[in-house]
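Novice: Under the working numbering, the letters of the sequence shown match residues 2 to 988, in that order.
Cβ atoms here follow ideal geometry from the backbone N, Cα and C, with glycine treated the same way.
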Amino acid sequence: MFGFKPGALWAMRLLTGGAVVFVAVRFLYLPLRRRVSDVQVAQYVEERYPKLEDRLVTAMEFGRGDRISAGMLDLLIKDALDKTNRLDFSVFVNRKRIATHGSLAAGALLVLLVLLSWGPSFFPYGFQKLYIRWSQASSNEPLMVLVTPGNTELAKGTDQQIRAQLVGFDSPEVKLFTQPESATVWTPLPMEPETRGSGFLYLLVDMQSSLRYYVESRGVRSPPFTIKVVDVPKVERIQLTYRFPSYTGMSPETVEDGGDISALKGTRVDFNIHLNQPARSARLLFDNQSTLALAPAGDKAFSGTLDLRRSGSYVVQLVNADARQYPASSEYQIEALEDVPPKVTITKPLRDLRATNVEEVFAEVKAEDDIGVAKVEIRYAVNGGAEKPIRLFDGKSASQPNVLSGHTFFLEEFNLQPGDVISYYGKAIDNNNVTGPGSSSSDIYFIEIRPFEQKYTQTQAAPGPGGGGEAEESLSRQQKEIISATFKLIREKDKMDSKEYADDLKSLALVQGRLQAQAQGLIDRMQRRGALDVSSLFAKLVDYLKAAVVEMEQAALRLGEQKPSEALPPEQKSLQQLMRGESLFREIQISLGTQGSGGSQANAEDLADLFELELNKLKNQYETIQRGEQQARDQHLDEALQRLKELAQRQQQLNERNRMLGQRGSSSASAGGGGQSQQELIEEAERLQRQLQRLSRERSSPELNRVSSQLQQAIQEMKKSLDKSQQGSSQEATAQGIRALQQLEDARRALARSQDAGLNQGLERAAEESKQLLEQQKQIQEALDRLSQEKQHAGTPEFQKRREDLSERKAVQADRLKNLGGQIEDLSKRARKTQRETSSKLSEAAGTIRDKKLPERILQSNQLMEAGYYDFIKAREDFIRGGLEELNKQLEAARNSLGQTGEGKLEERVSKTRQLAEGLESMQQRLRTMQKGQGKQGNTPGQQQASQGGQKGQQQGETPNQSGQRGAQQGQQGQGQQGKQQGNAQG
2 MFGFKPGALW AMRLLTGGAV VFVAVRFLYL PLRRRVSDVQ VAQYVEERYP
52 KLEDRLVTAM EFGRGDRISA GMLDLLIKDA LDKTNRLDFS VFVNRKRIAT
102 HGSLAAGALL VLLVLLSWGP SFFPYGFQKL YIRWSQASSN EPLMVLVTPG
152 NTELAKGTDQ QIRAQLVGFD SPEVKLFTQP ESATVWTPLP MEPETRGSGF
202 LYLLVDMQSS LRYYVESRGV RSPPFTIKVV DVPKVERIQL TYRFPSYTGM
252 SPETVEDGGD ISALKGTRVD FNIHLNQPAR SARLLFDNQS TLALAPAGDK
302 AFSGTLDLRR SGSYVVQLVN ADARQYPASS EYQIEALEDV PPKVTITKPL
352 RDLRATNVEE VFAEVKAEDD IGVAKVEIRY AVNGGAEKPI RLFDGKSASQ
402 PNVLSGHTFF LEEFNLQPGD VISYYGKAID NNNVTGPGSS SSDIYFIEIR
452 PFEQKYTQTQ AAPGPGGGGE AEESLSRQQK EIISATFKLI REKDKMDSKE
502 YADDLKSLAL VQGRLQAQAQ GLIDRMQRRG ALDVSSLFAK LVDYLKAAVV
552 EMEQAALRLG EQKPSEALPP EQKSLQQLMR GESLFREIQI SLGTQGSGGS
602 QANAEDLADL FELELNKLKN QYETIQRGEQ QARDQHLDEA LQRLKELAQR
652 QQQLNERNRM LGQRGSSSAS AGGGGQSQQE LIEEAERLQR QLQRLSRERS
702 SPELNRVSSQ LQQAIQEMKK SLDKSQQGSS QEATAQGIRA LQQLEDARRA
752 LARSQDAGLN QGLERAAEES KQLLEQQKQI QEALDRLSQE KQHAGTPEFQ
802 KRREDLSERK AVQADRLKNL GGQIEDLSKR ARKTQRETSS KLSEAAGTIR
852 DKKLPERILQ SNQLMEAGYY DFIKAREDFI RGGLEELNKQ LEAARNSLGQ
902 TGEGKLEERV SKTRQLAEGL ESMQQRLRTM QKGQGKQGNT PGQQQASQGG
952 QKGQQQGETP NQSGQRGAQQ GQQGQGQQGK QQGNAQG
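(1) Thinking C-alpha only, which one of S443, D827 and I423 is nearest L490?
(2) If you check the beta carbons only, do N434 and S400 fall under 9 angstroms apart?
(3) Quick check on G439: does DSSP put it in helix, strand or coil?
(4) Does DSSP classify R989 as helix, strand or coil?
(5) Quick check: Q528 and V551, are their CB atoms within less than 9 angstroms of each other?
(6) Measuring only the C-alpha atoms, how far is K574 from P343?
(7) Name the two residues that bound the continuous beta strand (DSSP E) containing M192.
(8) Using only the alpha-carbon positions, how far apart do A322 and A280 sit?
(9) How long is the line joining the alpha carbons of F170 and E217, rounded to whole angstroms?
(10) Please check the pair I423 and I484, which I expect to be a contact at CB under 8 angstroms, by giving their CB distance rounded to whole angstroms.
(11) Would you report the Cα separation of K97 and L723, rounded to the nearest angstrom?
(12) Would you kindly work out how many angstroms separate the C-alpha atoms of A795 and R877, rounded to a whole number?
(13) Could you name the residues of the same chain whose beta carbon sits closer than 6 angstroms to that of L752, not counting the 5 residues immediately before and after it, in chain order?
(14) State the start and end residues of the unbroken beta strand (DSSP E) segment that holds A296.
(15) According to DSSP, is A387 helix, strand or coil?
(16) Give the range of the beta strand (DSSP E) segment to which G427 is assigned.
(17) Apart from the five residues on each side of it in sequence, which residues of its chain come closer than 6 angstroms, Cβ to Cβ, to D353?
(18) To test your reading of the DSSP string, which unbroken beta strand (DSSP E) runs of 3 or more residues are found completely within the region 245 to 326?
(19) Whole angstroms are fine: how far does the CA of K890 sit from the CA of R685?
(20) What do you get for H102, buried or exposed, if any count of 16 or more other CB atoms within 10 angstroms of its CB means buried?
(21) Does N403 come out as helix, strand or coil in the three-state DSSP assignment?
(22) Check this for me: beta carbons of I274 and A294, under 9 angstroms apart or not?
(23) Helix, strand or coil for P224 per DSSP?
(24) Determine whether the beta carbon atoms of I347 and Y243 lie at a separation below 9 angstroms.
(25) On a Cα-Cα basis, can you pick out the residue from I683, S726, V383 and G582 that is closest to R660?
(26) Could you please give the first and the last residue of the uninterrupted alpha helix (DSSP H) stretch that includes S499?
(27) Excluding five sequence neighbours on each side, which residues of the same chain lie with their C-beta closer than 6 angstroms to the C-beta of G470?
(28) Identify every residue that forms a DSSP beta bridge with K344.
(29) So, using beta-carbon positions, are V377 and I430 closer together than 9 angstroms?
(30) If you count every other CB in all the chains shown that lies within 10 Å of the CB of N152, and 16 or more means buried, which is it?
(31) What span of residues does the alpha helix (DSSP H) with Q479 cover, start to end?
(32) Between Y215 and F201, is the Cβ-Cβ spacing less than 9 angstroms?
(33) Are three or more beta carbon pairs between the region 561 to 570 and the region 504 to 522 nearer than 8 angstroms?
(34) Using three-state DSSP, classify L31 as helix, strand or coil.
(35) How many Å lie between V320 and A734 at the Cα?
(36) Would L821 and A894 be called neighbours here (beta carbons separated by less than 9 angstroms)?
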């Protein structure tokens with residue numbers, strides 16, 4: 002209301018100054034000036050400590066006169082001192098009051114500092130005017146609008162951006178007033194706030210005549226300025242010729258009417274700039290103030306060459322006949338694109354495998370690059386040993402954008418034993434020779450060696466105690482996930498924030514340490530139960546676990562030291578020991594199922610039960626944690642899908658706005674009026690893309706990686722749309738916006754399909770868990786029948802121990818069933834949007850667990866068993882078994898009802914067709930290359946052409962000391978896992 006007029010400033014100063022003086026006098030000067038007598042102090046102390054019984058007051062009163070003898074006065078003072086020496090005088094200080102007042106003062110100071118640093122612009126400005134610049138308060142204009150460029154001169158037909166900065170106040174509305182030199186009326190134009198910063202912008206497009214202008218807001222007006230338009234040489238047209246790096250194999254490309262530059266780093270861009278009239282000289286001025294001189298290329302043209310190395314912007318500067326230098330073009334953007342590293346995935350078998358040590362396992366690697374793949378390798382390590390590469394493709398003669406190659410692991414050549422493990426992954430390198438070859442790796446996979454006779458023996462023998470299942474794999478499964486997470490951190494280090502990378506390593510070290518403690522606890526329990534004395538097999542099992550614990554400790558230390566590459570070998574060696582231990586435990590189970598009864602047999606069965614019980618507990622803990630993490634990830638995916646929908650809707654609205662502006666033929670900055678909205682949309686899309694990249698790393702999801710790439714393409718189109726909008730080209734902005742909208746829709750559909758695939762996998766896991774629980778229930782009932790038959794021995798220690806073990810097994814079963822119920826409910830919620838029938842069936846399955854109170858009934862059976870009611874338990878156990886059978890049927894019905902939408906089926910068919918075409922093209926190209934090489938050199942020992950069915954493959958880059966590389970097959974499409982899939986590499 003008053004602004005910063007001198008009268009208002011001095012009135013405010015007097016008011017605040019008077020308030021400060023009043024507070025100082027009232028609360029400092031007057032209290033300190035008031036004198037307090039010694040007797041008053043003594044009375045104050047006596048009020049707080051009545052037990053002094055007026056000793057202090059009496060001594061003070063009699064001490065001031067001569068009414069008492071000196072001896073009596075000494076006694077009074079001594080008595081008072083004896084009492085007061087025991088007093089705590091700190092109680093006279095009101096700490097609470099001091100703390101309250103101090104906190105209020107500190108809070109007020111903090112608020113003042115925040116307002117001065119980050120508050121509205123008028124606050125720090127007004128504070129400075131009021132209390133700092135006393136002498137300048139009246140001489141300077143207190144509220145003002147700063148305008149750039151002020152008075153200026155520019156070439157006819159060029160653009161000019163006006164920027165206004167409000168000083169001393171804020172306002173959401175700022176207007177630019179313009180008046181052409183031949184007009185008398187001022188035209189108001191609304192300015193737009195800057196995307197970053199506190200100023201306001203307006204772009205005057207295609208200036209044809211001089212004009213005057215000023216900026217006004219809330220009654221505060223800037224001085225008037227003049228833009229003088231002179232008919233001097235200006236840029237009429239820019240022809241750009243892109244000469245791409247030689248490694249791309251791309252032909253030169255010419256853009257006739259260009260300006261903005263977007264190409265790979267290392268591209269040479271030839272400029273041919275045409276002017277409307279001759280000029281003395283020309284140059285390019287870049288955003289970092291560097292320049293590039295242009296050579297004359299005719300009467301009204303200049304040329305030059307730019308070696309593209311960095312992103313930025315440029316403007317063409319001319320020098321006319323009067324030797325005056327000026328900008329003669331709009332500002333154009335430069336985008337130096339990075340050559341994205343290739344993408345590589347293991348397409349077959351796409352999961353971990355279990356095989357005997359004489360089988361043949363086929364692995365297929367797919368590599369894709371926007372320019373060309375130079376090399377494809379598969380790298381493997383046996384039991385955490387040295388990593389060995391196998392060259393699958395070498396594009397020295399001709400790189401390819403898509404490569405599909407395969408390799409067969411002949412396991413008999415590795416001298417493996419049950420429990421050993423081979424880890425492998427694919428690696429691809431592109432042919433970038435400008436900024437250096439880019440490389441990337443696939444996820445890591447494992448081949449686990451199982452006993453040759455295991456499958457046959459298990460089908461012939463009765464199940465051992467506990468019934469097997471996935472419980473015995475709980476330790477190795479967690480260790481494999483730790484290895485995979487470590488591998489991802491090594492692979493993604495350059496893409497991650499340093500703090501995020503360090504935090505992830507610390508978390509991984511804690512997880513490894515926790516798994517080490519769990520394994521050590523299992524060892525301790527088995528040793529307390531006499532595992533070393535029961536049989537040599539159990540002693541060997543304990544040795545395997547101890548060796549695994551030692552390696553886990555080393556891995557945890559290396560992770561804690563932020564040395565993940567050094568942590569990988571001990572992690573893999575730990576996995577080897579765990580796998581051997583689990584394989585041995587399966588042998589123990591089978592042998593217990595085929596042997597007769599006896600004392601040592603009973604002890605062995607007890608130990609087997611104990612081992613499996615502990616693993617079941619670990620499995621339950623692990624799955625509970627996994628379920629919580631899965632819920633969080635699913636929630637993030639749901640949020641990402643919703644945000645993608647919103648981004649698409651907002652982009653569609655911007656497209657419609659640009660289309661309408663294009664139809665009206667707007668040529669002012671209002672044609673780019675959606676600039677701020679488009680910039681906000683870009684920033685939101687970039688945040689979402691970073692979130693999807695993080696989720697992709699966490700879940701090892703190629704689908705999420707593809708969604709992230711599609712979103713990145715949409716962001717690039719949005720940026721192009723924003724550039725065209727700011728240049729006033731509404732029609733071109735609309736075209737770029739439509740392409741961005743299409744990419745957003747593609748990303749949304751891909752993310753929805755990814756959720757459907759996750760639902761299918763989750764449903765399969767739930768069905769498998771339900772089957773295992775049913776099998777476990779059958780074995781529990783058999784154990785209960787044996788206890789019931791031997792209940793006359795209920796008082797013996799052996800019987801009580803067996804009953805306690807069975808009770809603990811049932812408690813673990815109840816926990817597993819409760820976790821399964823939660824998983825089914827989560828799956829039902831996820832399926833509700835796209836698979837209503839499946840969601841309904843899953844709800845029924847979760848209702849079976851909940852309504853029949855199966856976990857509660859299992860625990861109640863434990864109580865009855867402890868009381869000895871074995872006959873009464875039988876009916877309850879039959880009810881539990883019936884409930885589990887019903888649950889199995891419901892989950893199977895849910896699996897059968899799960900289907901794809903028509904759009905999803907079409908996308909899947911298109912994807913399969915594309916993969917087949919890419920595989921065929923890749924194979925044909927390699928075969929042509931092989932034939933050319935053989936025509937020149939003939940067959941060499943390391944390059945055998947596969948010419949008939951059953952031949953094991955083409956060996957490239959094989960050396961004699963690389964065992965297991967007999968089948969480095971390139972282009973082989975069918976040689977499958979475990980000898981089941983057969984194929985030929987045709988020469």
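Specialist: According to the structure shown:
(1) By 1-based counting over the sequence shown, the position of residue 490 is 489. Of the candidates S443, D827 and I423, the one whose C-alpha sits nearest the C-alpha of L490 is S443.
(2) In the sequence shown, counting from the first residue as 1, residue 434 sits at position 433. In the sequence shown, counting from the first residue as 1, residue 400 sits at position 399. No, the Cβ-Cβ distance between N434 and S400 is not below 9 angstroms.
(3) Counting from one through the sequence shown, the residue named residue 439 turns up at place 438. Secondary structure at G439: coil, using DSSP grouped into helix, strand and coil.
(4) Missing from the structure shown is residue 989; the chain here goes from 2 to 988 and no further.
(5) Here the question's residue 528 lines up with position 527 in the sequence shown. Here the question's residue 551 lines up with position 550 in the sequence shown. Cβ distance not < 9 angstroms, so Q528 and V551 don't count as in contact.
(6) Taking the first residue of the sequence shown as position 1, residue 574 is located at position 573. Taking the first residue of the sequence shown as position 1, residue 343 is located at position 342. Straight across, the Cα-Cα distance linking K574 with P343 is about 30 angstroms.
(7) As a working mapping, residue 192 is identified with position 191 in the sequence shown. No beta strand (DSSP E) holds M192; DSSP gives it neither H nor E.
(8) Mapped onto the sequence shown, residue 322 falls at position 321. Mapped onto the sequence shown, residue 280 falls at position 279. A280 has its alpha-carbon roughly 7 angstroms from the corresponding atom of A322.
(9) Taking the first residue of the sequence shown as position 1, residue 170 is located at position 169. Taking the first residue of the sequence shown as position 1, residue 217 is located at position 216. So the two alpha carbons sit approximately 12 angstroms from each other.
(10) Stepping through the sequence shown from its first residue, residue 423 is reached at position 422. Stepping through the sequence shown from its first residue, residue 484 is reached at position 483. In this structure I423 does not touch I484 by the C-beta definition: roughly 12 angstroms separates them, more than the 8 angstroms allowed.
(11) Translated into the one-based positions of the sequence shown, residue 97 becomes position 96. Translated into the one-based positions of the sequence shown, residue 723 becomes position 722. The straight-line gap from Cα to Cα measures roughly 59 angstroms.
(12) Taking the sequence shown and counting its residues from 1, one reaches residue 795 at position 794. Taking the sequence shown and counting its residues from 1, one reaches residue 877 at position 876. Cα-Cα distance, rounded: 21 angstroms.
(13) Within the sequence shown, residue 752 is the residue found at index 751, counting from 1. Apart from the 5 residues on each side of it in sequence, L752 sits with its Cβ closer than 6 angstroms to the Cβ of L642 and V708 in its chain, given in chain order.
(14) To locate residue 296, count along the sequence shown from 1; it is residue 295. Here the beta strand (DSSP E) through A296 covers T292 to P297.
(15) Counting from one through the sequence shown, the residue named residue 387 turns up at place 386. The answer is coil: DSSP assigns A387 none of H, G, I, E or B.
(16) On the sequence shown, position 426 is the one that residue 427 refers to. If you look at G427, you'll find it in the beta strand (DSSP E) that goes V422 to D431.
(17) Here residue 353 is taken as the residue at index 352 of the sequence shown, counted from 1. Hits under 6 angstroms: Y446 and F447.
(18) With a minimum length of 3 residues, the continuous beta strand (DSSP E) runs that stay inside the region 245 to 326 are 254 to 256, 262 to 265, 269 to 276, 282 to 287, 292 to 297, 302 to 308 and 313 to 320.
(19) Walking along the sequence shown from the start, residue 685 turns up at place 684. Walking along the sequence shown from the start, residue 890 turns up at place 889. First, the amino acid is wrong: residue 685 is Glu here, not Arg. E685 and K890 have their C-alpha atoms roughly 45 angstroms apart.
(20) Residue mapping note: residue 102 aligns to position 101 of the sequence shown, counting from 1. Its Cβ having fewer than 16 others within 10 Å, H102 is exposed.
(21) The residue you call residue 403 lines up with position 402 of the sequence shown. Correct three-state label for N403: strand.
(22) On the sequence shown, residue 274 is found 273 positions in, with the first residue counted as 1. On the sequence shown, residue 294 is found 293 positions in, with the first residue counted as 1. No. Outside cutoff.
(23) Within the sequence shown, the letter at position 223 stands for residue 224. Note: P224 maps to coil in three-state DSSP.
(24) Here residue 347 is taken as the residue at index 346 of the sequence shown, counted from 1. Here residue 243 is taken as the residue at index 242 of the sequence shown, counted from 1. Judged by beta-carbon spacing, Y243 lies beyond the 9 angstroms limit of I347, meaning their Cβ atoms are not closer than that value.
(25) Sequence index remark: in the sequence shown, residue 660 carries index 659 (1-based). For the residues I683, S726, V383 and G582, the minimum Cα distance to R660 belongs to S726.
(26) As a first step, residue 499 must be located in the sequence shown, where it is residue number 498. Where S499 is concerned, the enclosing alpha helix (DSSP H) starts and stops at S499 to R529.
(27) Within the sequence shown, residue 470 is the residue found at index 469, counting from 1. With a pLDDT of 42 at G470, under the threshold of 50, the modelled position of this residue cannot be trusted; read the value that follows with caution. The beta carbon of G470 is closer than 6 angstroms to those of Q773 in its chain, skipping five residues each way along the sequence.
(28) As a working mapping, residue 344 is identified with position 343 in the sequence shown. The partner list for K344 (beta bridge, DSSP) reads E369.
(29) Position 376 of the sequence shown, counted from the first residue, corresponds to residue 377. Position 429 of the sequence shown, counted from the first residue, corresponds to residue 430. Contact flag set, yes.
(30) The residue you call residue 152 lines up with position 151 of the sequence shown. By the 10 Å Cβ count, N152 comes out exposed.
(31) Counting from one through the sequence shown, the residue named residue 479 turns up at place 478. For Q479, the enclosing alpha helix (DSSP H) has its first and last residue at S475 to E493.
(32) In the sequence shown, counting from the first residue as 1, residue 215 sits at position 214. In the sequence shown, counting from the first residue as 1, residue 201 sits at position 200. No; because the gap between Cβ atoms is not below 9 angstroms, this pair is not in contact.
(33) In this structure the region 561 to 570 lies against the region 504 to 522, because at least three pairs of beta carbons, one per stretch, are closer than 8 angstroms.
(34) Your numbering for residue 31 matches position 30 in the sequence shown. DSSP places L31 in helix when its eight states are reduced to three.
(35) Numbered from 1 along the sequence shown, position 319 holds the residue referred to as residue 320. Numbered from 1 along the sequence shown, position 733 holds the residue referred to as residue 734. Taken atom to atom, the span from the alpha-carbon of V320 to that of A734 is near 32 angstroms.
(36) Position 820 of the sequence shown, counted from the start, is the residue given in the question as residue 821. Position 893 of the sequence shown, counted from the start, is the residue given in the question as residue 894. No, these two residues do not count as a Cβ contact at 9 angstroms.
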